[in-house]
Amino acid sequence: MSDLIDLLERKRLIWQGRYSQPAPEVVSSGYPLLDEKLAGGLPKTGVVSIQSSIGIGELRILMNILLSKSRLVVFINPPGFLCAEFLYHQGIDLNNVLVIYPRRKNEALWAAEQCLKSGACSAVLLWQHAFEIHQVKRLKIACDEGDCLQFLMRGCARTEASLPVSLSMHLAPHSQGLDVSITKRKGGWPIPAFTLDVSTYWPVFCYAKASNVIPFPTAHHQKIV
Amino acid sequence: MSLWIYLHFPALQLNSLHYDQSHGLVIVDGRRNEIVQLNQIAQENGIKQGLGLASAASLCSDLQVLQYDPSCEAAKLKEIAHWLYVITSDISLFEPNGLLLRASNMLTLYDGLSNYWESLAAQLNALPFDYSFASGYSPFAARVLARKCFNRIVDSKEALLSELKRCALSETELTPKQVAKLTRVGVNTVGDLLSIPMADVAKRFDVDLVNYVGRLTGKFHHAVEFYHPPEKFNRYLDLFFEVENLSLLEKPLLKLLSQLQAFLRIRDQYAHELSLLLTLRNNQSCQISVTSSAGEYRQEAWLTLFQLKFESIKLSAPVMRITLSTERVAARQGEMADIFEGKQGKLSSLELLSLLQAKLGESAVKGLCVTEDPRPHLSSQFCQPFSGTSPLATSISRNSSIPRNKSRLRPSILLPSPKLLRERISIAQGPERVSTGWWDGQVMIRDYFIARAENGSWLWVFRTPEQQWFLHGVFS
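Chains as they are written, first to last, in our numbering: chain H, 1 to 225; chain A, 1001 to 1476.
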């Protein structure tokens, strides 16, 4: 009898309640708190949506992940000139960086898909506000094909329907770094907002100690100067 | 005496057309008003070579007519010579429609005439051209026999000579005037002519005839110029229909690309850039160039790149001819893949780059590099992807030569040009004075600050000596 159960189990014809799916492969974000909340880190492949306004540190929290990659990192449609000096001093090999400025939105999606499925890239960052469900699905399939990680850098609008992404994060500025809320996570529950302290990595971008901050010079100050 | 093989292509222009085979088609020599080449359907309708255009048109109602173009045939002939060059070395062009090959030198390599001819014929049969052939112990003898459709390759001197003797004088290279002169004294065939001793021929006829007879029999030296293959691939194809839709160009283009593939493969080369010239009806032309950074020779890969390129091209008039040429080729490098990493995807990074550039345009895909220039807008620059060097020759430096400094804070995103600061900020770090650029006239004096805007974003702002504040970047 037990032989038969073994056989059926091996053929995956029996489903047992204690059986659980293997956890998806993850890659550490470099921030212990974030890793802990995400049960190990960000997914190794798949689509990650990041909702934030520009300039609050949304790229900085990805730096450790980008640094751990050996293949190409592609930036599609960044909102300005991507600064080579920044990436260089952070330790990224600039020969592994491609920047693409497509003329149209469809071309941006096309470029992202090609990069993802080529297998030559390890991460693709695409700045675009709105996505449709089928577009994200295609990107996801391309990610699996090329073993690549796709970041969707979206604006802070929170109105859209849920997209089929592996992980969706919402970032907001905070005095110690960032307020992170996980709005969607594959194989886990959403996590309400928590504060990610980045002061050990980026002390400049924290302003808890008010003595550090010099007020913006007003017209009155300028006269004195 | 060396053995020669002559190949005669009676319908070179007709065979090279890319056309629909359901109509009768004739090629007419306009100057003589006679049909020189015709297809199978025209033959079935009773049209023969040498017929006038009017008689031909009356025999076949939906006849299509093309003008005879010797230059087109000469170009095709070169292509054939090129194609045969892999098999045999000494090829001479007899324009407009003949090729002469020197067989003697190749016999040791191929171990006999029949083996040699077998591989030659296999190579020839891959082409769409009809041909007739013959061997001979002089270029002219082989030529006369080939044009007579002897269609045998033998090395027996007696057999060749007796066949040659049976040829009528009108089938030789002699001018009609010379033929008429000879006929008047009863010399009708080559045999008759050869039976007259040389000295008598010299006495009674002009020196040209003596030269000809000497060359025909192989007694006189016949200088021929041998063909050297070109370094560059450059071929064209005339389209029989005017093509307005670029997607219809794929089939004829594939034909040229397959020739390119063969061209590159026998040289063990990769093409890095191809250019396709579309000749339009309004006498204009449209040049399309496609690059492959990794280098490529396979036709399918090039076709994909061309298809992507076609999407962004608009034609002003229908296409009549396409010309494909190579712009840059390089010897093939060994491809090395990491055996432990495993090849993850289908494409290498250079192949991906070519794909992106073909669709988006070369200017849309960029790489990054840093220079030693302290001015922020010059220290980070776009460059050719994967080049690792700056485009500026003056401040050229390898990316790796600049020390990395993690504490050097630079914004991740720079504005294309600094903008007047219009919001309230609080300064977090600074100033960092940049006062430089005296050497090239672009003097810059700025105090840079890292500041925080009220909405929480981190900005890179600077103050000029005139106390004006500008926004230059964002720390995202």
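Glycine included, each C-beta is placed from N, C-alpha and C at the ideal position.
Where H/H89 meets chain A, residues with beta-carbon distance less than 7 Å:
At a beta-carbon threshold of 7 Å, the residues of chain A lying near H/H89 are R1404, N1405, K1406, R1408, R1410, ordered along the chain.
Please check if any C-beta of chain H sits within less than 8 Å of the C-beta of A/V1224.
Closer than 8 Å to the CB of A/V1224 there is not a single CB belonging to chain H.
So A/R1452 contacts chain H; which residues on that side make the cut at Cβ distance below 7 Å?
Proximity of chain H to A/R1452 at the Cβ level (cut-off 7 Å) is accounted for by Y207, in chain order.
DSSP three-state call for A/T1389: helix, strand or coil?
Low confidence applies here, because A/T1389 scores a pLDDT of 45, under 50, leaving its location unreliable and the question unanswered by this model.
Between A/H1023 and A/Q1049, is the Cβ-Cβ spacing less than 8 Å?
Taking 8 Å as the Cβ cut-off, A/H1023 and A/Q1049 do not qualify as a contacting pair.
For H/P102, would you say it is in contact with chain A, using Cβ-to-Cβ distances shorter than 8 Å as the test?
Yes, H/P102 counts as interfacial toward chain A.
Could you list which residues in chain H have their beta carbon closer than 8 Å to that of A/V1434, in chain order?
In chain H, no part has a C-beta under 8 Å from the C-beta of A/V1434; the shortest such distance is about 13 Å.
Counting only the same chain and skipping the five closest in sequence on each side, list residues whose C-beta sits under 8 Å from that of H/G91.
Here H/G91 has L67 as same chain residues with Cβ atoms under 8 Å from its own Cβ, once five neighbours each way along the sequence are excluded.
Going by DSSP, what residue range makes up the alpha helix (DSSP H) through H/H89?
Taken as a continuous stretch (DSSP letters only), the alpha helix (DSSP H) holding H/H89 covers 84-90.
From A/L1459, A/E1466, A/F1226, residue whose alpha carbon lies closest to that of H/S53:
A/L1459 is the residue among A/L1459, A/E1466, A/F1226 whose C-alpha sits nearest the C-alpha of H/S53.
Supposed close pair A/P1374, A/V1461 - CB separation, criterion 8 Å:
The Cβ separation is near 18 Å, so there is no contact.
Would you please verify whether the beta carbon of A/I1087 is less than 8 Å from any beta carbon of chain H?
For A/I1087, the answer is no, since every Cβ of chain H falls outside 8 Å of its Cβ.
So that I know if they touch, is there some Cβ in chain A lying closer than 8 Å to that of H/S49?
Not an interface residue.
Out of curiosity, what's the CA-to-CA distance linking A/E1466 and A/D1447?
Computed Cα separation, rounded: 11 Å.
Taking just the CA atoms, how far does A/N1211 sit from A/T1183?
If I take the Cα positions, the gap works out to 19 Å.
Can you find a C-beta in chain H that's less than 8 Å from the C-beta of A/N1399?
Note on A/N1399: pLDDT 49, under 50, position unreliable in the model; the coordinate value appears next. It does: the Cβ of A/N1399 has a partner Cβ on chain H nearer than 8 Å.
Grouping DSSP H, G and I as helix and E and B as strand, with all else coil, what is A/P1252?
The three-state secondary structure of A/P1252, taken from DSSP, is helix.
Given a threshold of 16 other Cβ atoms within 10 Å of its Cβ, counted over all protein chains shown, does A/V1207 qualify as buried or as exposed?
When all chains shown are included, A/V1207 counts as exposed.
Any heavy atom of the ligand GTP closer than 7 Å to the beta-carbon of A/S1348?
In terms of ligand content, the structure shown is empty, and the ligand GTP therefore cannot be addressed.
The beta strand (DSSP E) enclosing A/N1234, as first and last residue numbers
Element bounds for A/N1234: 1234-1243.
CA-CA distance, A/H1008 and A/T1326?
Cα to Cα, A/H1008 sits roughly 30 Å from A/T1326.
Okay, do the region 38-50 of chain H and the region 167-184 of chain H touch, 3+ Cβ pairs below 8 Å being the bar?
They touch, by the three-pair rule.
Measuring straight from C-alpha to C-alpha, what distance separates A/L1360 and H/D144?
A/L1360 and H/D144: Cα-Cα distance of roughly 24 Å.
Have a look at H/H129, H/L98, H/V198, H/H89 and flag the residue whose alpha-carbon is nearest the alpha-carbon of H/S175.
For the residues H/H129, H/L98, H/V198, H/H89, the minimum Cα distance to H/S175 belongs to H/V198.
Assess, as a yes-or-no matter, whether the region 1306-1313 of chain A is touched by the region 76-83 of chain H under the definition of 3 or more beta carbon pairs within less than 8 Å.
Between the region 76-83 of chain H and the region 1306-1313 of chain A there are fewer than three C-beta pairs closer than 8 Å, too few to call the two in contact.
Near-chain H residues of the region 1072-1084 of chain A - C-beta to any C-beta below 9 Å
Legend: CB atoms of the region 1072-1084 of chain A lying less than 9 Å from CB atoms of chain H are not found in any residue.
Relative to the alpha-carbon of A/Q1067, which residue among A/M1001, A/F1475, A/A1180, A/L1025 has its alpha-carbon at the smallest distance?
Comparing Cα positions, the closest option is A/L1025.
Going along the chain, which residues of its own chain have a beta-carbon closer than 7 Å to the beta-carbon of A/A1146, five neighbours each way excluded?
Setting aside the 5 residues that flank it on each side, A/A1146 is surrounded in the same chain by Y1006, L1007, H1008, S1132, F1133, A1134, each with a C-beta closer than 7 Å to its C-beta; the list follows chain order.
Going by the DSSP bridge assignment, what does H/G177 pair with across the sheet?
DSSP lists H/H174, H/D197 as partners of H/G177.
Counting only Cβ pairs nearer than 9 Å, list the residues of chain A close to H/V99.
What H/V99 touches in chain A: V1365, K1366, G1367, L1368, F1382, P1385.
Less than 8 Å between the beta carbons of A/F1140 and A/R1031, yes or no?
Going by beta carbons, A/F1140 and A/R1031 fall outside the 8 Å limit.
Run through the DSSP bridge pairs and tell me what H/C143 is partnered with.
Per DSSP, none; premise fails for H/C143.
Does the beta carbon of A/P1416 come closer than 8 Å to any beta carbon on chain H?
Output row for A/P1416: interface = yes.
Anything in chain H within Cβ reach of A/G1473, meaning under 7 Å, just list it in chain order.
Simply C83.
So, for A/C1167: in the same chain, excluding its five sequence neighbours on each side, which residues have a beta-carbon less than 7 Å away from its beta-carbon?
Residues V1144, K1148, T1189, V1190 of the same chain have their beta carbon placed closer than 7 Å to that of A/C1167, with the five preceding and five following residues left out of the count.
How long is the line joining the alpha carbons of H/M153 and A/E1231, rounded to whole angstroms?
Linking H/M153 to A/E1231 through their CA atoms gives a straight-line distance of about 49 Å.
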